[in-house]
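Going by full-length UniProt numbering, the first residue of the sequence shown is number 1, and it counts up by one from there. First comes the structure, then the notes that go with it.
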Amino acid sequence: HGSQGLMDNRTRLIKYNSLIIATGSRAKTLEETGVDSGGYANVVSIRKASDIGHLRRVISERAPRKKSSVSTLSSTKANKDIPACVIGGGYIGLESASYLHGWGFNVTVIHSGKQLLTRFLPPEVGFRYTQLYRKSNVTVILEETPVGVLGGFNATGILMSDGTTINCSLVVSAVGAVPNTDLFQNQLNLTSDGGIKTDNELQTGIPGVYAVGDVVAFPWDFYNGTHKRWPFGDHARRSGEHVARIILYRPHHLLEEIKVDQYLNKTASMIANKTTYRYIPKTTFDSLLGPRKKIDANTIVESRFIKPAHGEFYGYMIGRVIYFNCIRNRFKFGAFWVHNGKAVGTYMEGGLNKDFRLMKKVAEMQLPVQEIEYEHMEKDGLGWARETLDRELDASVYPGFSIKDSFFHVSTTTARGWTCCITWVGNFDMLCNDAVGSFPSAN
């Protein structure tokens, strides 16, 4: 690209060949949702690392404790019966609520949806998290909205739309985020929620100008080219890496590979594969709360001493949702999203590491699903995933043989500089036995 310029706030002209917009997002204020926060010091928004420091200072001021530093927040006796309100039932709101509960606060979560996490997860999964928080002695108020924060010097309560008041000594606002794109209002194409529209290389309408992270709204092939934002950490890291590779890669290596591909007549497809941002959505949910264990009629282990809740989502939330284990009395459950005969999205809570890896692979490979398999998926979701994945891998590697954990790899470099490799994933004993005679042919 030719040299372009950017003006800073001191009217200096900064020239560039490539520009990356990575301005991130800010916490949405209560005022932006129609709630008067009153500007109280003990009303805290959580978005960046400094917000956590502010929250800890507010807690240390509100919590009567012995001579100690803020680092003793884990002592729950000091905070016992101090009311805290969290406005918002999304990821940040629930994670904040779990920490406040772990520090001993009497926590109330206020959410306008029918279940918690309804913006990100289907109702049945949200219902399980709602149950978890309520069983952990967190008050959850659903389908109601606050209209104002009450108080004098500090906030002392939340006024609800039905006229009731909820007492609190601390308010955590977690009502969403807004991309920092006001600067580009009249210069770049923006979506209705403030995202910067880009092409599939994450390049804006201005050549050499890219957007990454929370601000970028790129076209999703899976949603018919609709521009969508994905404001989560995994995408922020991957989109930044992708644009950096494009900027560094295009001037040198790409030109050399174009010469090679012109000889192979694959120029267009090669360029697309190198520069198109191919991202499979991923996000995780963590909470200090976990399912409580009843030892006997009088003893229940506190939730903060149980394995914390941890859920992972992969893929696309589109199509029919099939739940598994969601009606059982156990905190290990999940869901599949089935669209056009394929499992295009997965969610897993309470699994082992191998379970999460399995669900990720299901979404990445978009395993085929027949309607007759729905019942099997509901009864044993992980079992269906393992069986289907094995079947698909068997068919693609060597029909008739089971896929095992063995791995065999041979590579060599020819005189012309080409690297040839043979990779075998399967039964290693079978491979060695066949290799004595003739190598098996993967037709």
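Cβ atoms here follow ideal geometry from the backbone N, Cα and C, with glycine treated the same way.
{"Item": "Buried versus exposed, by CB contacts within 10 Å (16 or more), Arg134", "Value": "exposed"}
{"Item": "Expected contact under 8 angstroms - CB spacing of Asp380 and Phe324 to nearest Å", "Value": "7 angstroms"}
{"Item": "Buried or exposed by the 16-neighbour rule on C-beta atoms within 10 Å, applied to Pro207", "Value": "exposed"}
{"Item": "Bounding residues of the alpha helix (DSSP H) (the contiguous stretch that carries Val216)", "Value": "Val216 -> not in any alpha helix (DSSP H); beta strand (DSSP E) instead, spanning Val216 to Trp220."}
{"Item": "Under the three-state DSSP convention, the category Gly233 falls into", "Value": "helix"}
{"Item": "Alpha carbon of Tyr91 to alpha carbon of Gly176, nearest angstrom", "Value": "10 angstroms"}
{"Item": "Bridge-paired residues (DSSP) for Trp337", "Value": "Val321 and Gly345"}
{"Item": "Candidates Thr226, Asp221, Trp220 and Val215, of which the one nearest Phe232 by Cα", "Value": "Val215"}
{"Item": "Burial state of Asn186 (16 or more Cβ within 10 Å)", "Value": "exposed"}
{"Item": "Buried or exposed by the 16-neighbour rule on C-beta atoms within 10 Å, applied to Asn42", "Value": "buried"}
{"Item": "Beta-carbon spacing of Leu132, Phe313 below 9 angstroms", "Value": "no"}
{"Item": "Beta carbon of Thr181 nearer than 9 angstroms to that of Thr23", "Value": "yes"}
{"Item": "Coil, strand or helix - Val410 by DSSP", "Value": "With a pLDDT of 43 at Val410, under the threshold of 50, the modelled position of this residue cannot be trusted; read the value that follows with caution. Three-state result, Val410: strand."}
{"Item": "As assigned by DSSP and simplified to three states, the class of Ala174", "Value": "coil"}
{"Item": "Backbone secondary structure at Gly163 - three-state DSSP", "Value": "coil"}
{"Item": "Beta-carbon spacing of Gly311, Gly350 below 9 angstroms", "Value": "yes"}
{"Item": "Asp355, buried or exposed, once every other Cβ within 10 Å from all chains shown has been counted against 16", "Value": "buried"}
{"Item": "Alpha carbon of Val369 to alpha carbon of Thr284, nearest angstrom", "Value": "25 angstroms"}
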